[in-house]
Amino acid sequence: MGIVKILVKSRLKQTPIYPLLNRLRLRAETKRRAEADSAVIAEWEHCGRLVPPPDALKQRTVRQYGERFSLKSFVETGTFLGDMVDAVRGGFKTIYSIELDSALFEKAKTRFSTNKNIALFRGDSGDLLPQILRDLREPSLFWLDAHYSCGFTARGDLDTPILAELASILQHDIPGHVILVDDARCFNGEHDYPTIERLREFVLGRRPELAMKVEDDIIRIHPFITQGYWGPAA
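Heads up: the sequence shown begins at 483 in our numbering, then just goes up one per residue.
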C-alpha cells in the first residue's frame, strides 16, 4: 500500500488540480493547528501570561500580522528547528529563512525539501539579509530571531546581529514592511543587545513614520495605523 500511495501522489502532482488541492490541505492544516494552539495559549493566559510566551503564541502573532497587513512574503532569521516556518507556511506565498548553524540548516533542508516556496540560506543573517531584500518586490513580514543561545546554536561575530538586520530592512526602498523581533526581554544592553529605548531611537531615527511597541515579549514595528504604539509625535 505504501508504494501505491507514493505512485498515486506522484501522479496527482502532475495534474492541474494539484496546486488547488495542496492549498486546501494547507488551509485545513492551518485550521487544525490554530485550534490546538488556542488551547495552549488559553492555558498560558490562565497561568498569568508568563514570559517567555509559548511558541504557539508567537506563531499565531506572525499569522495575525501577515493577515492584518495582507503580506505574502515571510522572512525569518534564525531557522533553528524550522517550527516557525512549518507553522506559518500556509499563510505566505514565499518564505525565506536563514540559519547560521550548519547542522540545523541541513535538518531544515531535509524537513522542507518538498516545499518549493521555501528558500533556506546558511550563514550570518546580518550578511545574508541584504541579498534576500534585493529579491523582494513587495512588503514582507520579518521575524527576527537570530541569536546565540548556547546549546547547539552557532555564534557569529556577535551574540545577536539585530542592529545589522534592522539597518538593512529599514533602508530598503520598498515601504510597508512589518518587523517582529522575538525575545524582547533580552534587550537590556548586554551581550550585544541594545536596550529597548536605544532600539526605539535606532528605528525611529531612520524611519520616523513607523510605530513600535513591545507586547508578549515580541517587539512589533510596522506602519503607524493605530493608537497604543510608539510612533511619530502627534
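Backbone N, C-alpha and C define an ideal beta-carbon position, used for all residues, glycine too. Here the structure is a predicted model, which is why all the values come from computation and not from measurement.
Mind checking residue i: buried by the 16 CB within 10 Å criterion, or exposed?
| i | result |
| --- | --- |
| T561 | buried |
| H629 | buried |
| E647 | buried |
| E620 | exposed |
| R545 | buried |
| H528 | exposed |
| K540 | buried |
| I707 | exposed |
| I701 | buried |
Name the two residues that bound the continuous alpha helix (DSSP H) containing residue i.
| i | result |
| --- | --- |
| P657 | Neither: P657 is in no alpha helix (DSSP H) and is coded neither H nor E. |
| E683 | I678 to R688 |
| P498 | Element bounds for P498: n/a, residue is neither H nor E. |
| A569 | D565 to V570 |
For residue i, which residues does DSSP report across the bridge?
| i | result |
| --- | --- |
| V533 | In DSSP, V533 forms no bridge with anything. |
| I577 | F556 and I600 |
| V663 | L626 and I701 |
With a Cβ-Cβ cutoff of 7 Å, do residue i and residue j count as a contact?
| i | j | result |
| --- | --- | --- |
| L508 | G572 | yes |
| F551 | V696 | no |
| L553 | S622 | yes |
| D655 | V533 | no |
| I580 | S607 | yes |
| V663 | L615 | no |
| F624 | V557 | yes |
| R680 | M694 | no |
| D674 | T642 | yes |
Between which two residues does the beta strand (DSSP E) harbouring residue i extend?
| i | result |
| --- | --- |
| E558 | S555 to T559 |
| R702 | I700 to P705 |
| K695 | L692 to E697 |
May I ask whether a heavy atom of the ligand MG can be found less than 6 Å away from the beta carbon of residue i?
| i | result |
| --- | --- |
| L503 | Ligands are entirely absent from the displayed structure, and the ligand MG is therefore not among its contents. |
Query - beta strand (DSSP E) runs contained entirely in the segment 580-654, provided each spans 3 or more residues - result: Entirely contained in the segment 580-654, the beta strand (DSSP E) runs reaching 3 residues are, in chain order, 600-604 and 622-626.
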